[in-house]
Structures are given as structure tokens and as C-alpha cells.
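**Student:** Please find one structure pasted underneath; my questions will follow.
2 protein chains.
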Amino acid sequence: MKLENITTMGKREKRSYDDACGAAHGLELLGERWAILIVRELMYGPKRFGELRAGLPGISANTLTQRLEGLEASRIVQRRKLPPPASAQIYELTEWGYEAEPIIQHLGKWATRSPDHDPTLPLSSASMIMSLKTMIDRRRSERVVGRFGFRFGEETFVGRLAHSAMQIWRGEIETVDTTFITDPTTLAAAVYGGVPLAELEASGKLRIEGDRALAERFVTLFPLPAKFV
Amino acid sequence: MKLENITTMGKREKRSYDDACGAAHGLELLGERWAILIVRELMYGPKRFGELRAGLPGISANTLTQRLEGLEASRIVQRRKLPPPASAQIYELTEWGYEAEPIIQHLGKWATRSPDHDPTLPLSSASMIMSLKTMIDRRRSERVVGRFGFRFGEETFVGRLAHSAMQIWRGEIETVDTTFITDPTTLAAAVYGGVPLAELEASGKLRIEGDRALAERFVTLFPLPAKFV
DNA sequence: CGGCATCCGGGAAGATACTG
DNA sequence: CAGTATCTTCCCGGATGCCG
């Protein structure tokens, strides 16, 4: 009995790494399963519970609820209630939460060198957008300038490329040079899989509106790093 | 019975995120508890099993063994046997494993803004060294040039600061301008906690050899980012 | 549909003891 | 010192049911 008490109290609170290293604390904040992917899904704007679930194939409602509670307690996520008549509850990153983007980008870029990475699996829109910002090649994109639209079903994004940097945000598609109308996985096949745009258009999985030459050029700007061994 | 089979086979292999996103694959590689901290411990050179344990307070031998096996299978860590008479087994990062450094650095830097981060906990030497590379302030260090030694018991590191960049590696301390003889946690108190060097010297926890003014200047180059709220 | 509570089974992590 | 064996605890995920 006393032994039980002692061992129970031995854990300061939950399981902690007891390490002043920032990385160790980072793992206490984001180290649980799914946590980083939830932050990824929120990186380009607030989402509802069901939208989060849709971008995280395999997560249970149960686990998603727990993670959101934890992330909210850590002040990485905040929940907000939209004003009536919508009055839906949404989840969004705090200012500090948005600053986690480079962590996820570095992790993603590093992992694509893994011998076991399978780029043909399905992909959420947030993943696709983040990968464009991450994987763009400075040298190849040096002299490319343009405004791009991306339409994935209901979701739309706008991107601006100039001086080797890609900015992308969620928003209405207006005054762009060229628009990709497709789904994230198909766009990945074009950009990372080297599948010709014409072939994807022929099979009805993708449509280009606007400057076609610019679209053709765009999909060549994102080389995958060499695999390790 | 049949239901059991179906649910058992439902898991393709282990628990996978089924997501082409590089970050998701990164979590399959480094997402298990302790994995990133093990990589951190190996970031400045190979270590033996016991040395790893010493830098990871709280890890069980059991778990460390499993993680090393997993990291080896993923080609992030390789194990090597030193030639006789040492013939000890050591663990070291692969070339690709060393490339994970920026992930850990960004994670650590981001997490120090957490309201819950406690920088007074103990710290391993690898954490301390990595934090110096991570947290150095470009502007403040612009015009500081020097070579630094760090002696933590048996372990020694050499650093070179020039043009706002800090390079540090494990090695013998020779031809440096100033040397810190202390332990990682005390150095953190000086660099991040603002504790005066004189006070730490008075209590016998730290000793400076060489250019004292340079040492005093050095400890002002690593401001912590502002907390979030 | 969105979100939370509860129960259950499996597996990963921790404590301890033990072996070469 | 470098792990292995065993046992326990706790986290994760699936299923179900409730409630707005």
C-alpha cells in the first residue's frame, strides 16, 4: 500500500522528460501521437472538428478530442465560437502555434530522404500546400514570377511566387495567372511524381485554367532530395 | 472469431499514419517517445549505451534498447564495434541522421517560448552545446570573434565564433581564447539564467581559464525569446 | 453532424530484477 | 557495463451511446 503511494507520487505529473532542453519540452507539447499533424492541418486557417478528421485519416474522434484539449491547455490551439447564425465551434492556432511551421517543414523535408518514404499515399490539402512552401528550389525558381490558384473541391488557396519564395494562403481565387483545379494527391503526382499535366488532364483528374505554360513551368520547381542510400 | 481477424489485419503493419506528407513519415521515424532525444545525444559524436543513458534521465534500459533497434532499422543510427582492445560497441548517427539537427533546433527554440518551459532543470552536455548553436543572436554576436573551450568533466568541446555563426564540435581543448570548466546545467545558469560568472565561480561551480573579458561577453550573446503570454 | 463520456482490448513505456 | 526478462501501468484506438 505504501509502496503504491510512493511510486504513484514519483511521477511529478504525467510522464515528463525532466530535461531543461527546449527540444525535450517541445516533445512534451507536441510529442504525443497525432499532435504535430493536427497543428499541420490548422496551419493555413481555422477548421472544424470534422474538417480536421477529414485531413487525418485514421484518427478516432476520441483521440482527436483529447489532443485538442491538450493543445488548448498548452496554448498552442484556441477554440472559438463563430457568431450566429453559424455558431459553429472552430479550432485555430495561436500566434505561437503558427510559429511551429518551420519545425514541421524541416521534419517533412528531412523525412523525404528516408528509404521508406512512400509519396504515393493520399495527402491532405494542408500537407500539399505546406510541401510547396517547403520544397521549392531556390535556384530553379529564381526567375519565375506569378500568382497561382489552387482549387481542391470547396477549398481554395492563392499563392504568390517571386524571388525564390512561395507565399500561400487560403482565400478566394481572383486575379491569378493560372489555376490548378484538382485534388491534393493528384497535384502531388504532377509536382513530385513527374506525371505530365496532359496525362492527368486526359484522365479528368486535373484541369488548368489560365496560363498553361506557367503551370507547366511551375510543376518543375520542386525537386525531391536524393534518398539516403 | 472472424471479427477478431478482421480488426487484427486492419493494421497494415504497426501503426501507420497512411499519409504521404513528409512530416507524417517523419513521425513514423522519430515520433516515438525518446527517439528525438536519443538523436540529440548522438549529434556531436558516437556514444556508448551507458553514456546515452546518462544523458537521458529517466529512460529505462529496456526502452533505450528498443529505440536504438528502431532507429537502426530506419537507418538513422548505426552501431559499430570499436577495434580491440577497446572492442566496445558504440552508436552513431548516419550521415542522414546528422541532418536531423535543424529539426531538433527549431523544436527547441520554439518550445522555449512556452509558458510552461522550465529552464532550471538539469541539462545534458549535448543539449547545452546544441542550444548554443541554436540560440546565438546574430546581431549581438556580429563583431565577436574567438575560440572557446568547454570542459564538462571528462567531455570536452571546442567552439569557434565568427560572423555570427557558432561552430562547435567534440575535441581536445587546444589554442582557444577562453575555457569554461563547469557542468552543462551551470553553464545554462550563466548563459540563460543571467547568473553572474563571479557568483558561480565563488560557489566553486565554474572556472574560467584564459580571456576573462571574452567569457563575460560570450554569456551575453544568447537571449531567450519572449514567452508567449 | 459535432463533440463528449465510457468501456474494452492491445501495445508501448516504466520499474525492477537478473545475466554475461 | 551492456543489455535482457518479467511484470505492471498507462496510452492509444475502436465501438457505442448520449446530447445539442
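Heads up: the sequence lines are chains L and G, in that order.
Anchor point for the first sequence: position 179 equals 179 in our numbering, and the numbering is continuous, going up by one each time.
Anchor point for the second sequence: position 34 equals 1034 in our numbering, and the numbering is continuous, going up by one each time.
Every residue, glycine too, gets a C-beta built ideally from N, C-alpha and C.
Quick one, are the C-beta atoms of A1024 of chain G and L37 of chain L less than 8 Å apart?
**Tutor:** Contact flag set, yes.
**Student:** What is the rounded straight-line gap between the Cα of Q105 of chain L and the Cα of R1067 of chain G?
**Tutor:** 24 Å
**Student:** For F1152 of chain G, which beta-bridge partners are listed by DSSP?
**Tutor:** G:E1155, G:T1182
**Student:** Let me see if you follow: with CB-CB separation under 8 Å, is V1229 of chain G close to chain L or not?
**Tutor:** Yes, because at least one Cβ of chain L sits closer than 8 Å to the Cβ of V1229 of chain G.
**Student:** Are the Cβ atoms of M1166 of chain G and L1132 of chain G separated by less than 8 Å?
**Tutor:** yes
**Student:** Within the same chain, show all residues whose beta-carbon is closer than 6 Å to that of K1002 of chain G, passing over the 5 residues directly before and after it, in chain order.
**Tutor:** Caution applies to K1002 of chain G, whose pLDDT of 30 falls short of 50 and renders its modelled position unreliable; the value that the coordinates give is listed next. For K1002 of chain G, where only same-chain residues beyond five positions count, there are no Cβ hits under 6 Å.
**Student:** Between which two residues does the alpha helix (DSSP H) carrying R80 of chain L extend?
**Tutor:** No alpha helix (DSSP H) contains R80 of chain L, which is instead part of the beta strand (DSSP E) from 77-81.
**Student:** On the premise that R170 of chain L lies in contact with Y44 of chain L, defined as a C-beta separation below 8 Å, what is that separation, rounded to the nearest angstrom?
**Tutor:** 5 Å
**Student:** Rounding to the nearest angstrom, what Cα-Cα distance links T120 of chain L and G108 of chain L in this structure?
**Tutor:** 15 Å
**Student:** Kindly list the residues whose CB is nearer than 7 Å to the CB of L221 of chain L, restricted to its own chain and excluding five residues on each side of it in sequence; keep chain order.
**Tutor:** I136, D137, R140, S141, V144
**Student:** Can you have a look at A1215 of chain G and say buried or exposed, based on whether 16 or more other CB atoms are within 10 angstroms of its CB?
**Tutor:** buried
**Student:** M128 of chain L lies in the alpha helix (DSSP H); which residues open and close that run?
**Tutor:** 125-135
**Student:** What number of angstroms, rounded off, separates the C-alpha of L1236 of chain G from the C-alpha of T1175 of chain G?
**Tutor:** Only positions 1001 to 1229 of chain G appear in this structure, which leaves residue 1236 of chain G out of reach.
**Student:** Please state if the CB of L1064 of chain G and the CB of R1080 of chain G are separated by a distance shorter than 8 Å.
**Tutor:** Cβ atoms of R1080 of chain G and L1064 of chain G: not closer than 8 Å.
**Student:** Assign S203 of chain L to buried or exposed, taking buried as 16 or more other Cβ atoms, counted over all protein chains shown, within 10 Å of its Cβ.
**Tutor:** Taking a 10 Å sphere around the C-beta of S203 of chain L, we find fewer than 16 other C-beta atoms and assign the residue as exposed.
**Student:** Grab me the residues of I6 of chain L's own chain with a C-beta within less than 6 Å of its C-beta, minus the 5 sequence neighbours each way, in chain order.
**Tutor:** Any reading at I6 of chain L needs caution, since the residue's pLDDT is 33, under 50, leaving its predicted position unreliable; the model's value is listed next. Within the same chain, I6 of chain L has no close Cβ partners at all.
**Student:** Is it buried or exposed, R12 of chain L, if we count other Cβ atoms within 10 angstroms and call 16 or more buried?
**Tutor:** Annotation note: pLDDT 41 at R12 of chain L (below 50); position unreliable, coordinate value reported separately. R12 of chain L is exposed by the Cβ-count criterion.
**Student:** Ignore the nearest five residues each way along the sequence and tell me which others in R1217 of chain G's own chain have a CB closer than 8 Å to its CB.
**Tutor:** V1144
**Student:** Against chain L, with Cβ distances strictly below 8 Å, would A1054 of chain G count as a contact?
**Tutor:** Taking Cβ atoms only, chain L never reaches closer than 8 Å to A1054 of chain G, which makes this a no.
**Student:** Closest to S114 of chain L by C-alpha separation, out of G:L1030, G:Y1091, G:A1188, would be which residue?
**Tutor:** G:L1030
**Student:** Put I59 of chain L into one of helix, strand or coil per three-state DSSP.
**Tutor:** In the displayed model, I59 of chain L falls within coil according to three-state DSSP, outside both helix and strand.
**Student:** For D18 of chain L, count neighbouring Cβ atoms within 10 angstroms of its own Cβ and tell me buried if that reaches 16, exposed if not.
**Tutor:** exposed
**Student:** Give me the Cα-Cα distance between H163 of chain L and I1076 of chain G, rounded to the nearest whole angstrom.
**Tutor:** The alpha-carbon atoms of H163 of chain L and I1076 of chain G are separated by roughly 34 Å.
**Student:** Would you mind telling me which residues of chain G sit closer than 8 Å to A100 of chain L, beta carbon to beta carbon, in chain order?
**Tutor:** W1110
**Student:** Put R1015 of chain G into one of helix, strand or coil per three-state DSSP.
**Tutor:** Three-state DSSP puts R1015 of chain G in coil, outside helix and strand.
**Student:** List the residues of chain L whose Cβ lies closer than 8 Å to the Cβ of Y1091 of chain G, in chain order.
**Tutor:** Result: empty, since nearest Cβ-Cβ is about 17 Å, beyond 8 Å.
**Student:** Taking the CB atoms as reference points, tell me whether P1046 of chain G and E1092 of chain G lie closer together than 8 Å.
**Tutor:** yes
**Student:** In this structure, does DSSP put Y1091 of chain G in helix, strand or coil?
**Tutor:** Three-state DSSP puts Y1091 of chain G in a strand.
**Student:** Strictly below 8 Å CB to CB, what residues from chain L border H1117 of chain G?
**Tutor:** G22, H25
**Student:** Specify, as a first and last residue, the run of the alpha helix (DSSP H) that W1034 of chain G falls within.
**Tutor:** Annotation: W1034 of chain G is outside any alpha helix (DSSP H) and is labelled neither H nor E by DSSP.
**Student:** Does the separation of the CB atoms of G1149 of chain G and I1168 of chain G fall below 8 Å?
**Tutor:** no
**Student:** Mind listing the chain L neighbours of T1120 of chain G? Cutoff is C-beta to C-beta under 8 Å, in chain order.
**Tutor:** A20
**Student:** Grouping DSSP H, G and I as helix and E and B as strand, with all else coil, what is K1047 of chain G?
**Tutor:** Here DSSP, grouped into helix, strand and coil, assigns K1047 of chain G to strand.
**Student:** State yes or no: is the beta carbon of A1188 of chain G nearer than 8 Å to at least one beta carbon in chain L?
**Tutor:** yes
**Student:** In this structure, does DSSP put I103 of chain L in helix, strand or coil?
**Tutor:** helix
**Student:** Please report the distance separating the alpha-carbon of W1034 of chain G from that of L82 of chain L.
**Tutor:** 39 Å
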